[in-house]
Amino acid sequence: MTNTVIPLIAGLTVYLLFRPDAYIAQKIYSVIHVSPLRIEIRGWTGEIIRNHLADIMWAYAFMSFLGLILSENRKERLLSLIIVSVQIVLTEVCQKTGMIPGTFDILDIIFEILAACLAMLFINRNGGRNEKTY
Amino acid sequence: MKKLIKSFSVIIAVVIFALMAMGSGSSGSEGSSSTGTISGGSGGSSSKELPTIEKQVLLDQDGFRITAVDYEKDSIWGESIKLLLENDTGEDAVFTCNAHIVNDFMINDLFSATVAAGKKSNEMLTLYSNELNNAGIDTIGKIEVDFRIFDADSFEDLIQSQYATIETSDIGKMDTTPDDSGSEIYNDGNIRIVGKYVNEESFWGQAILLYIENNSDSNVTITCDDMSINGFMVTPYFYSNVYSGKKSIDEITIMQSDLEDNGIETINDIEVKFTFIDPDSFSTITETDPISFNVG
Chain A
303 MTNTVIPLIA
313 GLTVYLLFRP
323 DAYIAQKIYS
333 VIHVSPLRIE
343 IRGWTGEIIR
353 NHLADIMWAY
363 AFMSFLGLIL
373 SENRKERLLS
383 LIIVSVQIVL
393 TEVCQKTGMI
403 PGTFDILDII
413 FEILAACLAM
423 LFINRNGGRN
433 EKTY
Chain B
-7 MKKLIKSFSV
3 IIAVVIFALM
13 AMGSGSSGSE
23 GSSSTGTISG
33 GSGGSSSKEL
43 PTIEKQVLLD
53 QDGFRITAVD
63 YEKDSIWGES
73 IKLLLENDTG
83 EDAVFTCNAH
93 IVNDFMINDL
103 FSATVAAGKK
113 SNEMLTLYSN
123 ELNNAGIDTI
133 GKIEVDFRIF
143 DADSFEDLIQ
153 SQYATIETSD
163 IGKMDTTPDD
173 SGSEIYNDGN
183 IRIVGKYVNE
193 ESFWGQAILL
203 YIENNSDSNV
213 TITCDDMSIN
223 GFMVTPYFYS
233 NVYSGKKSID
243 EITIMQSDLE
253 DNGIETINDI
263 EVKFTFIDPD
273 SFSTITETDP
283 ISFNVG
């Protein structure tokens, strides 16, 4: 569960510190009654942190969470990776078509799928010993 | 049965994470307002008539235009100005504010909207009810906004600061007498700080409410440090941005855990140092000596 909760909290922190314009950050700032912080980091590091890190955390958390449910064998874990990947692509496509707020970014798809694969590697490492061996 | 539970769990997980993905977008990016509005009516518990504004262009520069269209009221968040944002450039841009000022009081500036290249968007600039109540504002006569527009991808400033003023039909009825009741704790002729009272119902713990006046020629950012309460050192959370000639009601927040660790039930004796910072250069203008005070 920590592989789900901690990345989600980290992702939320990224929004609060670097993306105060995001809907979720705005809502939180208005509830906690604190002036939004604005931290700017220039260069490619800043760009990755601002534009992709929260989404990477989300994809990792999502894959980890699904991995808890679909964990019986390799086939189920592969299915969870497929579900997450489809969700990632669908979300970006919906942003592109304007169905949901956000900006379409091909790098988001790449980073998020990589994050999901990383989560699956950890799940496989921990889930392998649950599989039957013959 | 097990398969059914698994399938159901997967569906729930997909829905939850899909909602999270939707919530991560910038607010109002496709021109939809996130709050219902009641225009010109007497929503909620207030029966007073809403003021009106003239439709006016607030900013028209470098392919960006902001027009104040109407004055409305939202039953949850409070009174709002309806803005038409236009982006006639080739880049996606984020329209936001460096500051909102109502009747010369700094108000929390939570406004942000992403407008795609070549598009327009209707957005609400909300004047949060609790912020206005804290400042003792009943009648809104003047709204000043310092707009900022930046590139949605690179975050580079396109328009760093553009000031606009909106006068409502209630400008003549606007109460300009500030509620500065409390103990004056600092006054150097430029910056004046009054300790008002302790808010024991703060979300994080307890908060010390301050009234701040900036009578200098420059905008100033105020922070504080080296704070003690009842003789125990605590960590204060305080950040106030006050434009030249304006006032602000802000609070120093003390975490509940900090109070409990030090056995502080009631805030009595307070000692703190304030730092005044130039918000453009981030250089320190001055730091006060330790100031001791009590608030009611």
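As given, the protein sequences belong to chains A and B, one line each in that order.
Heads up, the first sequence is in the working numbering, so the first residue is 303 and it goes up one at a time.
Heads up, the second sequence is in the working numbering, so the first residue is -7 and it goes up one at a time.
Virtual Cβ for every residue (Gly too), placed ideally from N, Cα, C.
Could you check whether the Cβ of residue i sits closer than 8 Å to any Cβ belonging to chain B?
| i | result |
| --- | --- |
| Pro403 of chain A | yes |
| Tyr331 of chain A | yes |
| Phe413 of chain A | no |
| Leu372 of chain A | yes |
| Arg352 of chain A | yes |
| Phe406 of chain A | no |
| Leu368 of chain A | yes |
| Phe364 of chain A | yes |
| Trp346 of chain A | no |
| Ile437 of chain A | One cannot answer for residue 437 of chain A here, as it falls past the ends of chain A, which runs 303 to 436. |
| Thr315 of chain A | no |
| Thr399 of chain A | no |
So the alpha helix (DSSP H) residue i belongs to, where does it begin and stop?
| i | result |
| --- | --- |
| Glu252 of chain B | 248 to 253 |
| Glu394 of chain A | 376 to 399 |
| Ser366 of chain A | 356 to 371 |
Round the Cβ separation of residue i and residue j to the nearest angstrom and send it over; I've been treating them as touching at under 8 Å.
| i | j | result |
| --- | --- | --- |
| Leu150 of chain B | Lys112 of chain B | So it is not a contact: roughly 17 Å between Cβ atoms. |
| Asn305 of chain A | Phe413 of chain A | Not really, about 18 Å apart at Cβ, beyond 8 Å. |
| Asp218 of chain B | Val287 of chain B | No, Asp218 of chain B and Val287 of chain B are not in contact; Cβ-Cβ is about 18 Å, not under 8 Å. |
| Ala327 of chain A | Tyr362 of chain A | About 20 Å separates the two Cβ atoms, so there is no contact after all. |
| Asp143 of chain B | Ala85 of chain B | 6 Å |
Any beta carbon from chain A within less than 8 Å of residue i's own beta carbon?
| i | result |
| --- | --- |
| Asp84 of chain B | yes |
| Thr29 of chain B | Confidence at Thr29 of chain B is low in this model, with a pLDDT of 24, below 50, so the placement of that residue should be treated as unreliable; the coordinate-derived value is given next. By this cut-off, Thr29 of chain B is not an interface position. |
| Val6 of chain B | yes |
| Glu22 of chain B | At Glu22 of chain B, the pLDDT of 33 sits below 50, so the modelled position is not reliable; the number obtained from the coordinates is stated separately. It does; some Cβ of chain A falls within 8 Å. |
| Leu102 of chain B | yes |
| Lys238 of chain B | no |
| Gly33 of chain B | Confidence at Gly33 of chain B is low in this model, with a pLDDT of 31, below 50, so its placement is unreliable and the value that follows should be read with caution. Chain A contact via Cβ: absent. |
| Lys(-2) of chain B | yes |
| Ala144 of chain B | yes |
| Met(-7) of chain B | no |
Please determine, among the options, the residue with the shortest C-alpha to C-alpha distance to residue i.
| i | options | result |
| --- | --- | --- |
| Trp360 of chain A | A:Phe424, A:Asp410, A:Arg427 | A:Asp410 |
| Thr88 of chain B | B:Pro228, B:Met98, B:Ile58 | B:Ile58 |
| Ile132 of chain B | B:Ala108, B:Gln154, B:Thr106, B:Thr168 | B:Thr168 |
| Lys(-2) of chain B | A:Glu394, A:Val395, A:Ile415, A:Ser382 | A:Ser382 |
| Phe147 of chain B | A:Ile350, A:Phe367, A:Thr393, A:Ala363 | A:Ile350 |
| Ala13 of chain B | A:Met422, A:Ile408, A:Gly404 | A:Gly404 |
| Asn426 of chain A | A:Val307, A:Ala312, A:Leu372, A:Ala324 | A:Leu372 |
| Gly55 of chain B | B:Lys65, B:Leu124, B:Ala109 | B:Ala109 |
| Val94 of chain B | B:Ile129, B:Leu102, B:Ile8, B:Asn122 | B:Ile129 |
| Asp80 of chain B | B:Gln53, B:Ser208, B:Ser72, B:Lys65 | B:Gln53 |
| Ile163 of chain B | B:Thr215, B:Tyr203, B:Ile135 | B:Ile135 |
| Val307 of chain A | B:Phe9, B:Lys(-5), B:Gly174, B:Ser232 | B:Phe9 |
In the DSSP assignment, find the unbroken beta strand (DSSP E) run with residue i in it and report its ends.
| i | result |
| --- | --- |
| Gly197 of chain B | 197 to 206 |
At 4 residues or longer, what runs of the alpha helix (DSSP H) sit wholly inside the region 236 to 287 of chain B?
248 to 253
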